[in-house]
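Visitor: Numbering (my numbering), first residue to last: 553 to 772. One structure, pasted below without further comment.
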Amino acid sequence: MKEKKESLSDRAYAYILERIITFELAPNAPVVEDAICTELHISRTPVREALRRLEAEGFVTKIRNLGSFIRPYTQEDIRESCEIRKIFELYALKSCVKQVKPEEINAVRALLLELTEQSPVEAYYASDTALHNMITKYCINAKIHEILKSLDVQLEAIRKISAQTPKRLLSSCEEHLAILDMIEEMDLQKASIFLERHLENVEQSSLRAYQRLRVEKLGT
553 MKEKKESLSD
563 RAYAYILERI
573 ITFELAPNAP
583 VVEDAICTEL
593 HISRTPVREA
603 LRRLEAEGFV
613 TKIRNLGSFI
623 RPYTQEDIRE
633 SCEIRKIFEL
643 YALKSCVKQV
653 KPEEINAVRA
663 LLLELTEQSP
673 VEAYYASDTA
683 LHNMITKYCI
693 NAKIHEILKS
703 LDVQLEAIRK
713 ISAQTPKRLL
723 SSCEEHLAIL
733 DMIEEMDLQK
743 ASIFLERHLE
753 NVEQSSLRAY
763 QRLRVEKLGT
């Protein structure tokens, strides 16, 4: 029973966070628990657990006797999350290059080579997740694994923002293939250069899309 409750809490957390990052929930707006419960078909308990987690991470502010309110999500939040990801993925890459199995590389490459301009965005997301998970799974530092896991939902939302930049999906696919080739060749130096460049491109496209979304949703 505990496992189900935690799963519902995670679901509520992801639902609220994505809407904060994409401005579906406006900055400083109150969080309407009943609306979230209705939308997700869950009780108040997992929603409140999710809100406590979001409060601890700085995404919502709780005001006594008034409830929870959305803290403005800023460009600096994107920069910080992307910087943390870059530091830890580059660290994990060292172990990945040494230990990754050829069949893992081939599986990720197959996903990437299937992508076309007509492919659904979900296929791009799946290939992106497969590559970055392949890199981070070889990180031997348990603490880093824990930090990256805590960033998963934020990075998922940022990835969706980045994908809204024109032609970003195809460019990202090409970058992924270049990274994969260098991993296969066990060329850590070039793999690191390509991975760092890719993550910087994700950050920049996310910042551009963030500003566009902000104007569309908030008019500022």
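In this text, a Cβ means the ideal position worked out from N, Cα and C, and glycines have one as well. Since this is a predicted model, take the numbers as computed values, not measurements.
1) Give the secondary structure of THR626 by DSSP, where H, G and I count as helix, E and B as strand, and everything else as coil.
2) Taking the straight line between their C-alpha atoms, what separation do you get for ILE573 and LYS653?
3) Determine the burial state of ILE622: buried for a count of at least 16 other Cβ atoms within 10 Å of its Cβ, exposed for fewer.
4) What would DSSP say about ILE615, mapped onto helix, strand or coil?
5) Could you please give the first and the last residue of the uninterrupted alpha helix (DSSP H) stretch that includes PHE746?
6) Which class does PRO654 belong to by DSSP, given the choice of helix, strand or coil?
7) Give the range of the alpha helix (DSSP H) segment to which GLN706 is assigned.
8) If we ignore side chains and look at the alpha-carbon of each, how far apart do LYS585 and THR613 end up?
9) Would LEU770 be called buried (16 or more neighbouring beta carbons within 10 Å of its own) or exposed?
10) Taking 7 Å as the limit between beta carbons, can you name the residues of its chain near ARG766, skipping five residues before and five after?
11) Would you decide whether LEU700 is buried or exposed? Buried here means 16 or more other CB atoms lie within 10 Å of its CB.
12) Can you check whether the CB of LEU759 is closer than 9 Å to the CB of ARG631?
13) From ARG600 to THR590, what distance separates their C-alpha atoms?
14) Let me confirm a value: LEU560 is counted as buried when at least 16 other C-beta atoms fall within 10 Å, else exposed. Which label applies?
15) Got a sec? Which residues, its chain only, sit under 6 Å from ALA581 by beta carbon, not counting five neighbours each side?
16) Got a sec? Which residues, its chain only, sit under 6 Å from GLU725 by beta carbon, not counting five neighbours each side?
17) Compute the Euclidean distance between the alpha carbons of ALA608 and ALA602, then round it to the nearest angstrom.
18) I'd like the list of long-range same chain contacts for GLU755, defined as Cβ closer than 6 Å, with 5 residues on each side in sequence excluded.
19) If you reduce the DSSP assignment to three classes, tell me which class SER679 lands in.
20) Spatial neighbours of SER620 within its chain, please: C-beta separation below 6 Å, excluding the five flanking residues on both sides.
21) By the three-class DSSP mapping on this structure, what secondary structure does SER671 have?
Guide: If we stick to the structure as given:
1) coil
2) Rounded to the nearest angstrom, the two C-alpha atoms are 36 Å apart.
3) With 16 or more other Cβ atoms from the protein chains shown falling within 10 Å of its own Cβ, ILE622 counts as buried.
4) strand
5) 740 to 770
6) helix
7) First-last of the alpha helix (DSSP H) with GLN706: 694 to 714.
8) According to the sequence provided, residue 585 is Glu. The question's Lys does not apply to it. Cα to Cα, GLU585 sits roughly 14 Å from THR613.
9) Only exposed fits LEU770, as fewer than 16 other CB atoms lie within 10 angstroms of its CB.
10) PHE575 and THR772
11) buried
12) yes
13) 14 Å
14) It is buried - the Cβ of LEU560 has at least 16 other Cβ atoms within 10 Å.
15) ILE622
16) Before going further, note that residue 725 is Cys rather than Glu in the sequence given. So the list reads LEU664 and LEU667, once near-sequence residues are dropped.
17) 10 Å
18) CYS634
19) helix
20) VAL583, LEU603, VAL612 and LYS614
21) coil
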